Amino acid sequence: MERIATTFRRLNAATIAIALLANSIAPIAQAAPRNSASDDAAVPTSRARGTPVTLNFVNADIEAVSRAIGAMLNRDILVDPRVKGNITVYNDKPQPLGEAYRNYLSALRGLGFTVVESGGFLKVVPEADAKLQTSTVSVGAPSQRGDVVLTQIFKLNYENPNNLVAVLRPLITANNTINASPGNNSLVITDYADNLQRLGKIITALDQPAGGELQVVPLKNAVASDVVQTVQKLIDGSATTVPGVPGQGGATSVIVEGRTNSLIVRASNQSRMAYALSIIDKLDQPTVGGGPAGNIWVVYLKNSDAVKMAELLRAAISAGSTGNGGGGPAGGTGGSATPEGRTTITQNPNAPSGTSGTAGGASAQSTTPVAASARPSTGGQVQADPATNSLIITASEPVYRQMRQVIDQLDVRRAQVYVEALMIQVDAQKAADIGFQWQGLLGAGGNSYVGGGTNFAQTPNGGGNIIDLAVAAGTASKGSTTTTTTTSSGTTISGQVGTGLNIGWVPKINGIYTLAALAHFLETNAGGNVLSTPNLIAMDNEEAKIVVGQNIPLITGSFTNTGGASSSVNPFQTVERQDVGITLRIKSQVGENGTVRMTIYEENSSVSGTSSQVTNKTSVETYVTVDDGSMIALGGLIKDEFNDSTTGVPLLQSIPLLGNLFKSSDRTRHKSNLMLFLRPIVIRNQADADKLTMNRYDSIRAQQQSLQPDHSLLMRVNDAPVAPAARPDTRIDPAVPADPQTQSIPMPSVSPIPDLRNPPPPAPTK
């Protein structure tokens, strides 16, 4: 009775609270019409802002409180079934309805829930799902406030969105997202409205035009591509010594404009710009000499082959040369080498004609002249030094500038093509064999017997021959399925019961067991699925080949000694070795529009049997054009083969039903599908190469880790080799001297490669 009374008192209290709440809501609900679905979710009504309300929900059910808040807002608030629990929302003094609603949102956020607007309704959902269910999307500066989740699109004017993602991601709520859209230079952020207000201020502060000076400096004497590296190194090396400029954040960049032989300098302030211009002015000085033979220049190539480049330049010079020339140049008096690798020869005007000077700092290795003529051309001469992969150019300065522009355009990093090939072969085979064989004695005449029966040869699917089985049954030991019997004439007869279901009748005649009847039933299903994925990488317009298989010997001829023991020639065989397996040979040419033109030869071969010299071969050779990263079907073969064989007694086998006792039938169906696919991936820079390499590297390393042996207390060998946990950022910058202490660190094959900048994470413990 006491429990019933307590429950009754609680129900009365709840009824009184709901009545009081209804009385406070009624004048509000009658004051204004219902809001539309497009009202602001954070402050749903402008009318409600001026109507103060008092909330006093202490440890109340979330669904009940949400219905009450929805009645105040004149909006429907739906509660997700996963939202459970109690909530406390109260305020000591009356406040506008908008503030009360934000107080309700803050209380929900503290419990891991939030409110989203979707389809004209307000929904209370778990915070983790809010980013997927909100339909509120705005562009530009955030206009809402409070703990409501919405999606905001920030359009950037100057900054790269990918750069801001790394800066803003730590400021985003854990369950929400930030994404960059490089196509329209925008950021898409889903988060709480209050946090979006803060992020908007940060984005506005960061999305500013890059300040500083920009100036184009035309060069009068030097070649822009020669001095740009020296200028950049001097500026970077003195970055912390420029007066009044800090070492960080004041970067100065210098790039080449080859068409006008100019340098484009961008500096953060006037002080850095003046410093860069002073360096350029000191380097842009005329060279000493300039006689009829011009100067000698040494150009070190970065990507191209010096011999091939020299041939191209010589051909270009010969095509534009007038063919007129005088005597040899004057003898050289000395030489000086610049940091860029250029060697300048100063001439002695009093030196006798016909002698030649040598440049200091040139390679001691012999150089390779390319189409050298008896007399110098007015266009200059080009020689290649293979040892240093450099060009030695003898030309006047204007001609050298033209040649240097050609060299800079040709000496670029060539693209590479990573090719993935797929050879897929699916086989399905089904066979059935049904046969009846019998034999018996019809009568006796003296010492001979008259008999009859059927005898079918062993079928391809394993049916036995009744004659061999009958002879073998006479001497078979109990329980044996295979016997070998030697007759009086020395003939060996072996009998073996075939696979499948075999039903036989073996009577005993004159003390000898004889197989009188045999029924054989067999059905076989076989299938195969073969997937081969050879892949390799090749330089643009260069041929590459990969062979995975065996190199087997094939007998092509033999000699047998027929001359007796007196012959001095021993028997021999001639053998030719042949590759058997998977062969992929490609030659790719990358187009400017992202297409790849490929010459492809793909082969899959195997040996048929163990003793025969028959090889099975499937190959395709074709020319295709495919987009970068796209897959193309090179070809294939669909083969469907059916064989039906019946052996029986004439006439008797044609009798309906009964004729099956006088025949043996064998049927086989073989279906094979073979398809060849190929996908090229163009690698244009080292970043693409690192990404692709580490993807394949991590894949094979994960397979090694999955095949580690289980730990055993009885065996001391409990680990298998695993590739080191290498990463692309483990490379040491060539411009930064390596730490001498790190050069002597041993690197076991099973240990990770030491990272000098980012230590690798600790290995997981078993």
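If you count by our numbering, then the sequence shown holds residues 21 to 786, one letter each, in order.
Here a beta-carbon is modelled for each residue, glycine too, at the ideal position from N, C-alpha and C.
Since this is a predicted model, take the numbers as computed values, not measurements.
Proximity of residue i and residue j at Cβ, strictly below 9 Å
i, j, result
"residue 205", "residue 177", "yes"
"residue 423", "residue 316", "no"
"residue 131", "residue 172", "no"
"residue 699", "residue 646", "yes"
"residue 121", "residue 93", "yes"
"residue 209", "residue 318", "no"
"residue 135", "residue 145", "yes"
"residue 690", "residue 660", "yes"
"residue 71", "residue 113", "no"
"residue 567", "residue 603", "yes"
"residue 608", "residue 443", "no"
"residue 740", "residue 721", "no"
"residue 195", "residue 148", "yes"
Cross-strand partners of residue i (DSSP beta bridge)
i, result
"residue 431", "Residue 431 pairs with nothing; no bridge assigned."
"residue 599", "571"
"residue 562", "Paired residue(s): none; residue 562 is not in a bridge."
"residue 788", "In the structure as shown, the chain starts at 21 and stops at 786, and residue 788 therefore has no counterpart that could be examined."
"residue 72", "116"
"residue 453", "542, 686"
"residue 173", "159, 208"
"residue 628", "634"
"residue 405", "410"
"residue 459", "473"
"residue 699", "440"
"residue 672", "Note: residue 672 sits in no beta bridge, so no partner."
Other residues of its chain near residue i: CB distance less than 7 Å, five sequence neighbours each side excluded
i, result
"residue 306", "241"
"residue 227", "176, 177, 178, 179"
"residue 694", "445, 638, 656, 657"
"residue 432", "323"
"residue 600", "569, 570, 572, 625, 626, 627, 635"
"residue 290", "233"
"residue 541", "454, 520, 521"
"residue 252", "274"
Other residues of its chain near residue i: CB distance less than 6 Å, five sequence neighbours each side excluded
i, result
"residue 223", "174"
"residue 156", "137, 170"
"residue 638", "624"
"residue 192", "198, 211"
"residue 543", "452"
"residue 435", "560, 610, 702, 704"
"residue 563", "607"
"residue 539", "456, 523"
Terminal residues of the alpha helix (DSSP H) in which residue i lies
i, result
"residue 224", "213-226"
"residue 98", "Careful: residue 98 lies outside any alpha helix (DSSP H), inside the beta strand (DSSP E) at 97-99."
"residue 707", "706-726"
"residue 108", "No alpha helix (DSSP H) holds residue 108; the beta strand (DSSP E) holding it covers 106-110."
"residue 137", "From DSSP, residue 137 is part of no alpha helix (DSSP H) but of the beta strand (DSSP E) over 133-138."
"residue 240", "That residue, residue 240, is in no alpha helix (DSSP H); it is neither H nor E in DSSP."
"residue 654", "Not the alpha helix (DSSP H): residue 654 falls in the beta strand (DSSP E), residues 652-668."
"residue 299", "290-303"
Endpoints, the beta strand (DSSP E) within which residue i is located
i, result
"residue 643", "634-647"
"residue 415", "410-415"
"residue 250", "No beta strand (DSSP E) contains residue 250, which is instead part of the alpha helix (DSSP H) from 244-257."
"residue 92", "Per DSSP, residue 92 belongs to no beta strand (DSSP E); it is in the alpha helix (DSSP H), 82-93."
"residue 180", "It is not in any beta strand (DSSP E) - residue 180 carries neither H nor E in the DSSP assignment."
"residue 143", "141-146"
"residue 324", "Element bounds for residue 324: n/a, residue is neither H nor E."
"residue 732", "Unbroken run through residue 732: none, as it is neither H nor E."
"residue 197", "197-201"
"residue 279", "Premise fails: residue 279 is in no beta strand (DSSP E) and is neither H nor E."
Contact set for residue i: own chain, Cβ-Cβ below 8 Å, skip 5 residues either direction
i, result
"residue 244", "276, 277, 278, 281, 282, 283"
"residue 185", "198, 199, 200, 207"
"residue 612", "none"
"residue 594", "575, 576, 577, 578"
"residue 854", "An answer regarding residue 854 cannot be provided, because it is not within the stretch 21 to 786 covered by the chain."
"residue 30", "Low per-residue confidence applies at residue 30: pLDDT is 43, beneath 50, and the placement is therefore not dependable, though the value from the model is reported in the following sentence. Contacts found: none."
"residue 712", "438, 701, 703"
CB contact below 9 Å: residue i versus chain B
i, result
"residue 207", "Although the question refers to chain B, the structure presented lacks it and comprises just one protein chain."
Touching by the beta-carbon criterion (3+ pairs, under 8 Å), the stretch 437-456 and the stretch 545-564
They touch, by the three-pair rule.
Taking 8 Å as the cut-off, does the stretch 659-666 touch the stretch 411-422 (at least 3 CB pairs, one atom from each stretch)?
Inter-segment contact for the stretch 411-422 and the stretch 659-666 is absent: fewer than three beta-carbon pairs are separated by less than 8 Å.
For the stretch 671-679 and the stretch 405-414, state whether three or more C-beta atom pairs, one from each stretch, are separated by less than 8 Å.
Because the criterion of three Cβ pairs below 8 Å is not met, the stretch 671-679 and the stretch 405-414 do not touch.
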